[in-house]
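>
Number of protein chains: 2
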Amino acid sequence: MTRGVVVDLDGTVVSGDALLDGAADALADVRDAGRDVLFLTNNPTRSPAEYAQRLARLGVDARPEEVLTATSATVDYLREHHLDESVFAIAEESVTDQLRDAGVSLVADARRADTVVVGYDREFAYADMVAALRAFGAGADALVGTDPDITVPTPDGPVPGSGAIIDAVANVVERDPDAVLGKPSDVTARLALDRLDRSPAECVLVGDRLDTDIAMGNRVGMTTVLVRTGVTDDETLAASTVQPDYVRDSLADARDLL
Amino acid sequence: MTRGVVVDLDGTVVSGDALLDGAADALADVRDAGRDVLFLTNNPTRSPAEYAQRLARLGVDARPEEVLTATSATVDYLREHHLDESVFAIAEESVTDQLRDAGVSLVADARRADTVVVGYDREFAYADMVAALRAFGAGADALVGTDPDITVPTPDGPVPGSGAIIDAVANVVERDPDAVLGKPSDVTARLALDRLDRSPAECVLVGDRLDTDIAMGNRVGMTTVLVRTGVTDDETLAASTVQPDYVRDSLADARDLL
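Protein sequences appear in the order of chains A and B.
Under numbering that gives the first Met the number 0, the residues of the first sequence are numbered 0 to 257, in order.
Under numbering that gives the first Met the number 0, the residues of the second sequence are numbered 0 to 257, in order.
1) Name the residues in the segment 103-122 of chain B whose C-beta lies less than 9 Å from a C-beta of chain A; which are they?
2) Along the chain, where does the alpha helix (DSSP H) that runs through Phe135 (chain B) open and close?
3) What number of angstroms, rounded off, separates the C-alpha of Arg2 (chain A) from the C-alpha of Val168 (chain B)?
4) Any chance you could list the beta strand (DSSP E) runs of at least 3 consecutive residues sitting entirely within the segment 13-48 of chain B, in chain order?
5) Report the neighbours of Pro157 (chain A) on chain B: residues whose CB is nearer than 8 Å to its CB, in chain order.
6) Between A:Ala23, A:Val4 and A:Leu67, which lies nearest to Gly33 (chain A) when the distance is taken from Cα to Cα?
7) Taking the alpha-carbon of Asp210 (chain A) as reference, which of A:Val172, A:Ala191, A:Thr231 and A:Ser93 has the nearest alpha-carbon?
8) By Cβ distance below 6 Å, which residues in the same chain neighbour Leu57 (chain A) in space, the five residues on each side in sequence not counted?
9) Quick one: which chain A residues come within Cβ less than 9 Å of Asp166 (chain B)?
10) If you measure from the beta carbon of Met215 (chain A) to each beta carbon in chain B, is any gap under 7 Å?
11) Using DSSP's beta-bridge definition, name the partner residues of Val205 (chain A).
12) Shorter than 7 Å from the beta carbon of Ala88 (chain B) to some beta carbon of chain A?
13) Mapping the DSSP letters down to three states, classify Gly216 (chain B) as helix, strand or coil.
14) Measure the Cβ-Cβ separation of Ser161 (chain A) and Gln97 (chain A) and say whether it is below 7 Å.
15) How many angstroms separate the CA atom of Thr73 (chain A) from the CA atom of Thr145 (chain A)?
16) If the criterion is Cβ atoms closer than 7 Å, does the pair Val117 (chain B) and Ile89 (chain B) meet it?
17) CA-CA distance, Asp140 (chain B) and Asp113 (chain B)?
18) Have a look at B:Gly10, B:Val13, B:Arg30 and B:Asn170 and flag the residue whose alpha-carbon is nearest the alpha-carbon of Leu257 (chain B).
19) Might you give, ordered along the chain, the residues of its own chain that have their beta carbon closer than 6 Å to the beta carbon of Val106 (chain A), omitting 5 neighbours on each side?
20) Just to make sure I have the definition right: I need the residues of chain E whose C-beta is within less than 9 Å of the C-beta of Thr211 (chain B). Which are they?
21) Less than 7 Å between CB atoms is the rule here; does Met221 (chain A) satisfy it with respect to chain B?
22) Helix, strand or coil for Pro159 (chain A), going by three-state DSSP, please let me know.
23) Going by DSSP, what residues sit across from Arg247 (chain B) in a beta bridge?
24) Compile a chain-ordered list of the residues in the segment 238-251 of chain B whose CB is closer than 8 Å to at least one CB of chain A.
25) Should Met215 (chain B) go down as buried or exposed, given a rule of 16 or more other Cβ atoms within 10 Å for buried?
26) For chain A, check one thing: does any of its Cβ atoms lie closer than 7 Å to the Cβ of Ala25 (chain B)?
27) Can you find the residues in the same chain that come closer than 6 Å, C-beta to C-beta, to Arg110 (chain A), ignoring five residues on each side of it along the sequence?
28) Determine the extent of the alpha helix (DSSP H) in which Val238 (chain A) is found, giving its start and end residues.
29) Anyone know if the C-beta pair for Leu142 (chain B) and Ala69 (chain B) falls short of 7 Å?
30) Alpha carbon to alpha carbon, what distance is there between Gly206 (chain A) and Asn42 (chain A)?
31) If contact is defined by three or more beta carbon pairs under 8 Å, each pair taking one atom from either stretch, is the segment 193-204 of chain A in contact with the segment 197-204 of chain B?
32) At the level of alpha carbons, what is the spacing between Asp108 (chain B) and Phe135 (chain B)?
33) Do Thr228 (chain A) and Gly10 (chain A) have their beta-carbon atoms positioned less than 7 Å apart in this structure?
34) Just to make sure I have the definition right: I need the residues of chain B whose C-beta is within less than 7 Å of the C-beta of Val4 (chain A). Which are they?
35) Which of the three DSSP states, helix, strand or coil, is assigned to Ala88 (chain B)?
36) List, in order along the chain, the chain A residues whose C-beta lies closer than 8 Å to that of Val129 (chain B)?
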């Protein structure tokens, strides 16, 4: 029986800054039926509190602890595996602010880092790659990425996402990341289930992306629902090896499954 | 019979700015014996003319056309495969100046490029990755790298080389480079043989790196000589699947083979 609903945000609940038709009502119904909701996004730049506020403004009830972003997942991961370690972060201010606010011990000198965290960074530059080489040269022993998205869409076309920067750093320091959080990682799936305090079989995941949302849900054993309000068209779906349990036009049309 | 001698520069003839012991005399003997010499380096930042001047100051006879750098190899490759095409270059000024001087048609607007060339660039930044996405989004159809070196040594430790930047760009535009020049590419081996106008069997290659110098020479069928004046120690040599035909302490000690 469904106890928890894991919902992607962009392309599923919202599109850019706008609410998708019927999404607020569908989520209200889910809560009325006694299900718990967890919003799950790979966008690392806004904090859970900011997301909760944005959703509230759009008429969607959401508490900060019900939002798991790539950065909040990264914080959870660091707490579990690298507690009290010094972290050198290659990421833009919106991400590093969240890490600092969450109590992560950031260092400005890469040579003093135990762990290097890499995320979305529109100011990424050669000097960051040099810093990463210095960090691992001086004894850092873990590389953690916020999320694997190689590009992210903008009105002007795709721009490099966290994944592009993580890969650039991993390549130059010649080591694989120890973890890349966000969807579709197993670590993030487990963090989501921990937040809901539910087993995979009790959870339905709704999302618009096959390679992140649906792949992750399928792998851990959630019921998966692909919605057509985002990036996946029928042609892409037909050609993919990743197949959802259900396909619906929108979150509103998935109400029978939630 | 040996007719052509292909010689690596850094670690084989010079170390940084200094000539290695006996290298000038050994090369003079090679010329006296009637062999042709080609200097081959993956450093893309200096032009063949600059290298010839530097070598002359150190007492080594060298004409610009006897120096094949990663950038001059890239120019040769562009002439052969992308003649008269518009090129958007992600590389620092010392490299783009050489491309421009060689007649490559550089464009400042990535969207107008047919080919994207990537090389050593200490000013590499996120904006360059965006530009590469725009270039291929607008129809560019070739990605060319100057050389594959992921890092290059400096007194302060390794820093990212051309290869790190090429890989970062290739990853974000989700296409493999059509060619990466420099050693150990077959393209560069062929360009070197063309310059010497010799068959591989007539050539001896001397270098200090297994994965670039020796790998390339072996693959095309040159006689290969590893010298101990550079980066390869006995431990590395013993552990490598790449093995030279001969090992000598220095270029001076390799005279019997040249």
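Each residue gets a CB set at the ideal place from its N, CA and C atoms; glycine is no exception.
Short version:
1) Taking 9 Å as the Cβ-Cβ cut-off against chain A, the residues of the segment 103-122 of chain B that qualify are Asp120, Arg121 and Glu122.
2) Tyr125 to Gly136
3) 44 Å
4) Here the runs fully enclosed are 35-40.
5) Leu132 and Gly136
6) Ranked by Cα distance from Gly33 (chain A), the options A:Ala23, A:Val4 and A:Leu67 are led by A:Val4.
7) A:Thr231
8) So the qualifying residues of the chain are Leu18.
9) Asp166, Ala167, Asn170 and Val171
10) no
11) According to DSSP, Val205 (chain A) bridges with A:Val6 and A:Val224.
12) no
13) helix
14) no
15) If you draw a straight line from the Cα of Thr73 (chain A) to the Cα of Thr145 (chain A), it is about 6 Å long.
16) Contact flag set, yes.
17) 6 Å
18) B:Arg30
19) Ser85, Phe87 and Ala112
20) Looking for chain E here will not work: the only protein chains present are A and B.
21) no
22) strand
23) B:Val226
24) none
25) buried
26) no
27) Arg133 and Ala137
28) The sequence given here places Ala at residue 238 (chain A); Val does not occur at that position. Residues Asp233 to Ala238.
29) no
30) 14 Å
31) no
32) 12 Å
33) yes
34) What Val4 (chain A) touches in chain B: nothing, since even the nearest Cβ is about 33 Å away.
35) strand
36) Val158 and Pro159
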